[in-house]
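Undergrad: Before anything else, here's the structure in question.
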């Protein structure tokens, strides 16, 4: 008898004794009944223990010559996968699958070939997993991992029908390099989106200011008054500044009506364009001209010689420099030679005096054609050199060059 049987017998004896006590108290047994009940209980317990001991073999089973046959080993139908690459929605970013593949062989006919169940199970799981990850975003592998765990948690038959396969402990990861690249790309996209929004906002603001607010001075004043509706005096004092802003924004001068509001333009009159008129030979008499003389006095008339003098002054050549006198002489002489006699005279050129013809010959017609040609040659040889009113700086002397 084993120790377990003895314990059970003692436990049952205690329960029966407790029931006898309860029954005796309830029914109020006489005093002699209590010892009789205890003796009967003890006899019954001893008899039960004796019977159980008689059924126990004399030699325990562990001491027999023939040992018990061991239990057959349990065949574990599973395969561990570690970091197997699977395609994602982005071609260059594969996710890495780690899982434990489990399968159960199906009954096969006698003529069926022998197969590698591990290979068939792994192939079936990879095909099912690739269908899920092919359309997944590599930046959201945590969500894809839960979806894939649910898809692979069901035992399904493979293409051959030889087994049922499933996967547990599914994990999807990315390589460290791919994760860093995706984070950089995401940061660049976010920054680009922010910059694009800021650029559109700036363009819209510039368009609002140039096409609406600063289109004219009046629109600028109305805009500023709407901004400061309770400060009319300030708006009036800022009209000059708003005028300059509107003119600068449109690349235009300040309008004449608003020049009195601009401090720099309200005091300085606009310069009048000079009137260029040819010099008249007659002397101007302001006493006889009346108000026209006063108007002419306000608008000076420049002669061509004045322009040359101003050009010489602007170039830094002094009034008494020889270069200046030489330049003026050559300009006058060149104007006379080219036929611009009025222009040369205005510059101070003195034309050569014409010699009176010789009337001493009483019969000029007696001279022949040869005498006339000789006279022309002599007159051309005796033509005086050109003179200038500015001095003998250029009088036809070639050595002067």
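In our numbering, the protein residues as written are 37 to 437. C-beta: ideal position from N, C-alpha, C; glycine also.
Helix, strand or coil for residue 191, going by three-state DSSP, please let me know.
TA: Coil at residue 191, not helix or strand.
Undergrad: I need the DSSP call for residue 139, collapsed to helix, strand or coil.
TA: In this structure, residue 139 counts as strand in the three-state DSSP scheme.
Undergrad: When the distance is taken between beta carbons, is residue 124 closer than 7 Å to residue 1?
TA: One cannot answer for residue 1 here, as it falls past the ends of the chain, which runs 37 to 437.
Undergrad: Pull up the distance between the alpha-carbon of residue 160 and that of residue 228, whole angstroms please.
TA: For residue 160 and residue 228, the distance between alpha carbons rounds to 43 Å.
Undergrad: Kindly identify the DSSP beta-bridge partner or partners of residue 202.
TA: In the DSSP output, where bridge partners are listed per residue, residue 202 has 138.
Undergrad: With DSSP run on the structure shown, which of helix, strand or coil describes residue 219?
TA: Helix at residue 219.
Undergrad: Please list the terminal residues of the continuous alpha helix (DSSP H) segment that includes residue 14.
TA: With the chain represented from 37 up to 437, any question about residue 14 goes unanswered, as that position is not in the structure.
Undergrad: Return the CA-CA distance between residue 428 and residue 385, expressed in angstroms with no decimal places.
TA: Low per-residue confidence applies at residue 428: pLDDT is 41, beneath 50, and the placement is therefore not dependable enough to give any value.
Undergrad: Where do the ends of the alpha helix (DSSP H) carrying residue 119 lie?
TA: From DSSP, residue 119 is part of no alpha helix (DSSP H) but of the beta strand (DSSP E) over 114–122.
Undergrad: Can you give the beta carbon distance from residue 73 to residue 60, rounded, assuming they're within the 8 Å contact cut?
TA: Rounded, the Cβ-Cβ distance is 7 Å, consistent with contact.
Undergrad: Which stretch, first to last residue, makes up the alpha helix (DSSP H) that contains residue 173?
TA: From DSSP, residue 173 is part of no alpha helix (DSSP H); its letter is neither H nor E.
Undergrad: Of the residues 370, 347, 372 and 133, which one's Cα is nearest the Cα of residue 360?
TA: Closest by alpha carbon: 347.
Undergrad: Just list the residues that DSSP pairs residue 59 with in beta bridges.
TA: The partner list for residue 59 (beta bridge, DSSP) is empty, contrary to what the question assumes.
Undergrad: Are the Cβ atoms of residue 271 and residue 253 separated by less than 7 Å?
TA: Taking 7 Å as the Cβ cut-off, residue 271 and residue 253 do not qualify as a contacting pair.
Undergrad: Report yes if the C-beta distance between residue 115 and residue 137 is below 7 Å; otherwise report no.
TA: Contact flag set, yes.
Undergrad: When burial is assigned at 16 or more other CB atoms within 10 Å of the CB, is residue 283 buried or exposed?
TA: It is buried - the Cβ of residue 283 has at least 16 other Cβ atoms within 10 Å.
Undergrad: Going straight from the alpha carbon of residue 236 to that of residue 130, what length do you get?
TA: Roughly 37 Å between the two C-alpha positions.
Undergrad: Assuming residue 188 and residue 217 make a contact with CB atoms under 8 Å, what is their CB distance in whole Å?
TA: Incorrect: roughly 28 Å between the Cβ atoms, too far for contact.
Undergrad: From the DSSP output, which residues share a beta bridge with residue 207?
TA: Answer is 134, bridged to residue 207.
Undergrad: Tell me whether residue 43 is buried or exposed, calling it buried when 16 or more other Cβ atoms sit within 10 Å of its Cβ.
TA: Looking at its Cβ environment, which holds fewer than 16 other Cβ atoms inside 10 Å, residue 43 is exposed.
Undergrad: Spatial neighbours of residue 257 within its chain, please: C-beta separation below 8 Å, excluding the five flanking residues on both sides.
TA: These residues qualify, in order along the chain: 271, 275 and 278.
Undergrad: So what does DSSP say about residue 144, is it helix, strand or coil?
TA: The answer is coil: DSSP assigns residue 144 none of H, G, I, E or B.
Undergrad: Verify the CB distance criterion: does residue 167 have a CB-CB separation below 7 Å to chain B?
TA: Absence of chain B from the displayed structure is noted, only one protein chain being present.
Undergrad: Between 215, 80, 148 and 205, which lies nearest to residue 128 when the distance is taken from Cα to Cα?
TA: Here the closest residue by C-alpha is 215.
Undergrad: Quick one: what's got a C-beta closer than 8 Å to residue 211's C-beta in the same chain, skipping five residues either side?
TA: Same-chain partners within the cutoff: 132.
Undergrad: How long is the line joining the alpha carbons of residue 259 and residue 251, rounded to whole angstroms?
TA: Their Cα atoms are separated by approximately 11 Å.
Undergrad: Quick check on DSSP: helix, strand or coil for residue 411?
TA: In this prediction, residue 411 scores a pLDDT of 43, lower than 50, which makes its location untrustworthy; no coordinate-derived value is stated.
Undergrad: If I measure Cβ to Cβ from residue 198 and keep anything under 8 Å in the same chain, skipping five residues before and after, which residues do I get?
TA: Once the five neighbours on either side are set aside, the close Cβ partners of residue 198 are 141, 142, 144, 148, 151, 153 and 156.
Undergrad: What does the alpha-carbon distance come out to for the pair residue 10 and residue 113?
TA: Lying outside 37 to 437, the shown extent of the chain, residue 10 is not represented and no answer is given.
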